[in-house]
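S.K.: Protein chains in written order, with the working numbering: chain A, 1 to 640; chain B, 1001 to 1640.
Note that beta-carbon positions come from the ideal geometry of N, C-alpha and C, so glycine has one too.
Below is the structure I would like to discuss, written out as structure tokens.
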């Protein structure tokens, strides 16, 4: 690691998103998503799966009170991943083992939203939840409603499958965000009490476990940064060092021995610093890698950073969908093998792309890297945006690149692929994850150190930082131009990422040096820089190691991946072909191109003959907008 | 149905297969497959899964003896599909609930083999098994070792999941075959005693159940034909009439109610005579449809026959792989929706193609139909032949059209796809099913009625029947010529199927009338007819409703589907393309053709540019021979 390249994202309070494209979405989070999700967490949305999340906190608070009063509290089994009305007692915990985390993610999103735009009514809702959370905490600091309600003796006995440390991670993230937003300490104190318990419980000569679902690592570093308490950083590092060691803790805690094959799912098959390939559950993976990058930077651990670089390359070079989706298989919601990126079986969980943005930002804070910033852009403008409907009330958990509604209905292998966004999931990780990312978008565009301001993403925004303030006026997705008004406080360097998609077709209004995908400007007085990146529709090849896409191309314009939908192009999208040198026309965010439709031929087998085809005008829409017009066919790749 | 078109297959004793291609395989059955499988049934094959089949009969015989002696016999659970050393007591039943059927299928294959070529040692083995089977039969006639060993009180209480009526069906088929082969009645008597119990148990005003896994229907008709006992036919018809009626018997027997959706798997979602689409478990389906055709013909039931025709068309027009495989999904080993025929996820169970031949033969016995005979040929020469290795000791259960060994190893969705044939399966339905089909091949080529001899398949053979004897000398797969020496006993019609694959390119040495795919010759004196069907390599299109095959073709020559293997063409078969008008060269059963290899390109995403390609000579081998040279890539379809 080269400390001179270290930088730090801008604190949210110092960024104001001003660009209409993103403002609209942040406004939707504030006015629709958060209120809707608040109702969902309280089980007050008709027709949506029940969350039980707030109900669990109420039950846990009641248990804490009873325990304080010395009452005898019943014990229920804590032995399943999900507890429903049928398989558990009325007074027992309900929902998924990680249900608490939905409340925390909501609070985190609310904190960012309050930072962006203070709203007393929203804060009142948040404070009510925080009171409830604090009331549910055991005197020991422990805070996970599953075990508090069901079985206090079971705490920390099944780290592999149950999500106590995962829920802690989300609690800590929410707590830091809320503290930064409001200066209030109630939730931060609760998180620290739980973190203290964790630091006291895990370590050398203590319990040598680590989380089954990672996130505590990055959360402990956040808490360390917020409080300065070194034990939190040490515990994060301990989790990373212990993970994947033999004998496996996940075996030990259940008196088993295994070859660790099954722990690929948890990225616990071998120590993180030895890992070469991104494997297993994709969300867990990128959360782990984010924590690794945090610890590597905070402790100067070059070996750990090298592993982060290898794992990032593994994703970027061989496991990343064109849409920035990751996780090619529904089995384990996991990465598949290199170049196995099926379109119609894709998993591409929204949360995984959100997590990829977490990992990318941390890597960019260690060193600028245009390929990483490109991948973050890909994930943000395509899979992340696609995750939420335009109404803010429907969400995709899975983001396929090809959808045939009949297959989703009739083929069990594709049942995870929903042709339309869903209301709310019992396992509702994605909607609040989206909300917290979009609400904190200001933290994802720019990083700075004492000499340099790096612009990785061109969100229209006002940024107050050192060594310069910036006002960015962005028409990045409209026409590829960005205007930057820079107000240096001293001589400094401005580094602007040159998006890979424009190739050599870019222009800056001021002299600069270009190096590895960034243009560097030395500035000492206020100046305006105009950047122009050629924004034209392009046909994009996928590696021919990806078997599904041979003979096909995708259409992109700038960072946006486009797709064909049945609503515009009729049924049987697979019969369409785009011309090799198409005449594109751009109308707003719609692209049309000339191509052909092959005549349908229902005869199962016949001697080869060229099929008749008729010229057609193909209509492409941005991928993130698909599925907003009812159930229909969709495809990103089209034959050429 | 038009009774004038009815015909009957030739009894095996009246056919002698003389053609080297098929003789070699029948010889392999006799000298290798049956001895090997006999050892496997006795758990004496090193490294193969245990069968437990013979062991179960021994245990059942011991129980029968104890019961006769008035001893108290222990009860074990009969509540699982499979019983292994771990989950069941040592003295309890072991293996799959349908394990008995492997013994019956072996006996049936042995009976056919004895008919083809008597061998005292083989008969002695068969007789030993028959003695054991008879000793295991309860005095009531009941004969299924799971319930005899584990729980006599559980008999016929779970028709949906457990396979008593299925095992009965295989017993009856074996019994009829052995009776025909040897004239001996021990096994036939045992089958009839079980059939009598079944006829006494099921019917109007009795138990209104039907088999979960069909085959009893066709077996009861066989037993009726062999014994003349009408009750057997009536019971078969009862099973067909009762199946799919509401309330569902499968619900009733477990005190449930359902909408029947789940009974698609069993083809019991609605009455067979109302069914339009081939659905559910493919083997079960074609066994059911075979029984429907049998009952329709035997009882003159036009409605039932119309259903058979619809279901056959559903398969032939929309659900049949080019290889004659059926069952596109591993989930439920089932048919998928129309035109959903993925190559790499295919199931295409060997047994399903064997069963398709059963169904086809029965339909041809009702009326000649060139499309049905074509499909039977497709299944026989491709999927069925592929099911067994050239050594007779390794078998495919699943017959994919595209294999990437890395995917079979790493992708759980393709784990059912084995890149090499396996030794013996615990669930060993396919190997003995193959053996019984190939040993009785003489029953699948020709059918006859009092006026007409239909030649549906051109196996080199000597056939003694009325109204004519035939000697067929066949070079059908070598050069497309067939010589038929016909010896009519009176004026008669010879009908020769014209294979669809030769189009109009055929020639007969005698005058004939061509109608719907058959050439009709009126003969009254001995004569020799030479048939020549143009046997050339062809590129074959798959319907463009099959999404996976757009832009690809398959190579066929006559009935044989060809494939590319890595052993001949190197890795990355997906980078190969065949020329649109290739120069084919045929060398024995190898075909070469000119084509291209695209340069591999590992860059995940880049602006579209044509990729470099180099001319290559592609080597195709018959599909049925794939996987005989170790683990490697294989594909039937190649880009054009």
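Can you tell me whether DSSP reads residue 605(A) as helix, strand or coil?
M.R.: Against the first chain, residue 605(A) aligns to sequence position 605. Strand at residue 605(A).
S.K.: Secondary structure at residue 560(A), three-state DSSP: helix, strand or coil?
M.R.: Here residue 560(A) is taken as the residue at index 560 of the first chain, counted from 1. Three-state result, residue 560(A): strand.
S.K.: Do we get a CB-CB distance below 7 angstroms when we pair residue 555(A) with the residues of chain B?
M.R.: By 1-based counting over the first chain, the position of residue 555(A) is 555. With 7 angstroms as the cut-off, residue 555(A) does not count as an interface residue toward chain B.
S.K.: Is it the case that the CB of residue 36(A) approaches a heavy atom of the ligand PLP more closely than 6 angstroms?
M.R.: No copy of the ligand PLP occurs in the structure displayed, which carries no ligand at all.
S.K.: Anything in chain B within Cβ reach of residue 317(A), meaning under 9 angstroms, just list it in chain order.
M.R.: The residue labelled residue 317(A) in the question sits at position 317 within the first chain. Those are 1602, 1603 and 1604, listed as they occur along chain B.
S.K.: In the DSSP assignment, find the beta strand (DSSP E) that holds residue 472(A) and state where it starts and stops.
M.R.: The residue you call residue 472(A) lines up with position 472 of the first chain. Looking at the DSSP string, the run of the beta strand (DSSP E) that includes residue 472(A) is 468-475.
S.K.: For the beta strand (DSSP E) containing residue 313(A), list its first residue and its last residue.
M.R.: Numbered from 1 along the first chain, position 313 holds the residue referred to as residue 313(A). Where residue 313(A) is concerned, there is no enclosing beta strand (DSSP E), although the alpha helix (DSSP H) it sits in stretches over 302-318.
S.K.: Do you know how far the Cα of residue 567(A) is from the Cα of residue 1380(B)?
M.R.: Taking the second chain and counting its residues from 1, one reaches residue 1380(B) at position 380. Taking the first chain and counting its residues from 1, one reaches residue 567(A) at position 567. Going by the C-alpha atoms only, they are around 43 angstroms apart.
S.K.: How would you label residue 522(A), buried or exposed, when you count the other beta carbons within 10 angstroms and need 16 or more for buried?
M.R.: For this step, residue 522(A) is matched to residue 522 along the first chain. Exposed, by the Cβ-count rule.
S.K.: Measure the Cβ-Cβ separation of residue 311(A) and residue 371(A) and say whether it is below 7 angstroms.
M.R.: Walking along the first chain from the start, residue 311(A) turns up at place 311. Walking along the first chain from the start, residue 371(A) turns up at place 371. No; because the gap between Cβ atoms is not below 7 angstroms, this pair is not in contact.
S.K.: Rounded to whole angstroms, what's the CA-CA distance from residue 577(A) to residue 1289(B)? Just pull it up for me.
M.R.: As a working note, residue 577(A) is residue 577 in the first chain. As a working note, residue 1289(B) is residue 289 in the second chain. The alpha-carbon separation between residue 577(A) and residue 1289(B) amounts to approximately 41 angstroms.
S.K.: Per DSSP, what kind of secondary structure is residue 1444(B) in: helix, strand or coil?
M.R.: To locate residue 1444(B), count along the second chain from 1; it is residue 444. DSSP places residue 1444(B) in coil when its eight states are reduced to three.
S.K.: If contacts are defined as beta-carbon pairs under 8 angstroms, then residue 1099(B) and residue 1051(B) qualify, I think. What distance do you get, rounded to the angstrom?
M.R.: In the second chain, residue 1099(B) corresponds to position 99, counting from 1. In the second chain, residue 1051(B) corresponds to position 51, counting from 1. 7 angstroms between Cβ atoms; contact.
S.K.: Span of the alpha helix (DSSP H) holding residue 1241(B)?
M.R.: Taking the second chain and counting its residues from 1, one reaches residue 1241(B) at position 241. Looking at the DSSP string, the run of the alpha helix (DSSP H) that includes residue 1241(B) is 1230-1242.
S.K.: So what does residue 529(A) bridge to, in DSSP terms?
M.R.: Taking the first residue of the first chain as position 1, residue 529(A) is located at position 529. According to DSSP, which records beta bridges pairwise, residue 529(A) is partnered with 484(A).
S.K.: By how many angstroms is the C-alpha of residue 1401(B) removed from the C-alpha of residue 1384(B)?
M.R.: Position 384 of the second chain holds residue 1384(B). Position 401 of the second chain holds residue 1401(B). Whole-angstrom Cα-Cα distance: 13 angstroms.
S.K.: Compile a chain-ordered list of the residues in the segment 567-582 of chain A whose CB is closer than 7 angstroms to at least one CB of chain B.
M.R.: Correct list: 574 and 575.
S.K.: Please report how far the alpha carbon of residue 1430(B) lies from the alpha carbon of residue 1531(B), in whole angstroms.
M.R.: Position 430 of the second chain holds residue 1430(B). Position 531 of the second chain holds residue 1531(B). So the alpha carbons of these two residues sit roughly 34 angstroms apart.
S.K.: Is residue 1524(B) closer than 7 angstroms to residue 1491(B) when the C-beta atoms are compared?
M.R.: Residue numbering aside, residue 1491(B) sits at position 491 when the second chain is read from its first letter. Residue numbering aside, residue 1524(B) sits at position 524 when the second chain is read from its first letter. It is a contact, given that the beta carbons lie within the stated cut-off.
S.K.: Check whether the Cβ of residue 1544(B) lies closer than 7 angstroms to any Cβ atom in chain A.
M.R.: Numbered from 1 along the second chain, position 544 holds the residue referred to as residue 1544(B). It does: the Cβ of residue 1544(B) has a partner Cβ on chain A nearer than 7 angstroms.
S.K.: Across which residues does DSSP place residue 1552(B) in a beta bridge pair?
M.R.: Taking the first residue of the second chain as position 1, residue 1552(B) is located at position 552. 1639(B), per the DSSP bridge assignment.
S.K.: Does the Cβ-Cβ distance between residue 1126(B) and residue 1109(B) come in under 7 angstroms?
M.R.: Your numbering for residue 1126(B) matches position 126 in the second chain. Your numbering for residue 1109(B) matches position 109 in the second chain. No; because the gap between Cβ atoms is not below 7 angstroms, this pair is not in contact.
S.K.: According to DSSP, is residue 1401(B) helix, strand or coil?
M.R.: Along the second chain, one-based indexing puts residue 1401(B) at 401. Of the three classes helix, strand and coil, the one that applies to residue 1401(B) here is coil, per DSSP.
S.K.: Could you tell me if residue 84(A) is buried or exposed, where buried requires 16 or more neighbouring beta carbons within 10 angstroms of its beta carbon?
M.R.: For this step, residue 84(A) is matched to residue 84 along the first chain. It counts as exposed.
S.K.: By the 7 angstroms beta-carbon criterion, what residues does the segment 320-337 of chain A contribute toward chain B?
M.R.: 320, 322, 329, 331, 336 and 337
S.K.: Give a yes or no on whether the minimum CB-CB distance between residue 1413(B) and chain A is below 7 angstroms.
M.R.: Against the second chain, residue 1413(B) aligns to sequence position 413. True, the Cβ-Cβ gap to chain A drops below 7 angstroms.
S.K.: Does the Cβ of residue 259(A) have 16 or more other Cβ atoms within 10 Å, making it buried, or fewer, making it exposed?
M.R.: By 1-based counting over the first chain, the position of residue 259(A) is 259. Residue 259(A) is exposed by the Cβ-count criterion.
S.K.: I'd like to know if residue 410(A) contacts chain B, where contact means its C-beta is closer than 7 angstroms to some C-beta of that chain.
M.R.: Locating residue 410(A) in the first chain gives position 410, where the first residue counts as 1. Cβ-Cβ to chain B under 7 angstroms: yes for residue 410(A).
S.K.: Give me the chain A residues within the contact set of residue 1345(B), using Cβ-Cβ distance strictly less than 8 angstroms, ordered along the chain.
M.R.: What you label residue 1345(B) is simply residue 345 of the second chain in a count that begins at 1. Under the 8 angstroms cutoff, chain A gives 413.
S.K.: Can you name, in chain order, every residue of its own chain whose Cβ lies under 7 angstroms from the Cβ of residue 227(A), other than the five neighbours on each side?
M.R.: Looking up residue 227(A) in the first chain gives position 227. Closer than 7 angstroms at the Cβ level, and outside the excluded window around residue 227(A), lie 192.
S.K.: When the cut-off is 7 angstroms and only beta carbons count, does residue 1539(B) lie next to chain A?
M.R.: Within the second chain, residue 1539(B) is the residue found at index 539, counting from 1. Yes, its Cβ sits closer than 7 angstroms to a Cβ of chain A.
S.K.: Closest by CA to residue 1073(B), which one among 1053(B), 1081(B) and 1152(B)?
M.R.: Along the second chain, one-based indexing puts residue 1073(B) at 73. Residue 1152(B) is the option with its Cα nearest to residue 1073(B).
S.K.: Please name the residue in 1081(B), 1214(B) and 1165(B) whose C-alpha comes closest to that of residue 1201(B).
M.R.: Residue mapping note: residue 1201(B) aligns to position 201 of the second chain, counting from 1. Considering only alpha carbons, the answer is 1165(B).
S.K.: If you check the beta carbons only, do residue 194(A) and residue 156(A) fall under 7 angstroms apart?
M.R.: Here residue 194(A) refers to the residue found at position 194 when the first chain is read from its first residue. Here residue 156(A) refers to the residue found at position 156 when the first chain is read from its first residue. No, these two residues do not count as a Cβ contact at 7 angstroms.
S.K.: Just tell me which of 114(A), 378(A) and 368(A) has its CA closest to the CA of residue 3(A).
M.R.: Position 3 of the first chain holds residue 3(A). The shortest C-alpha separation from residue 3(A) is found at 368(A).
S.K.: Here's the rule: buried if 16 or more other CB atoms are within 10 angstroms of the residue's CB, otherwise exposed. What is residue 593(A)?
M.R.: As a working note, residue 593(A) is residue 593 in the first chain. Buried, since its Cβ has 16 or more Cβ neighbours within 10 Å.
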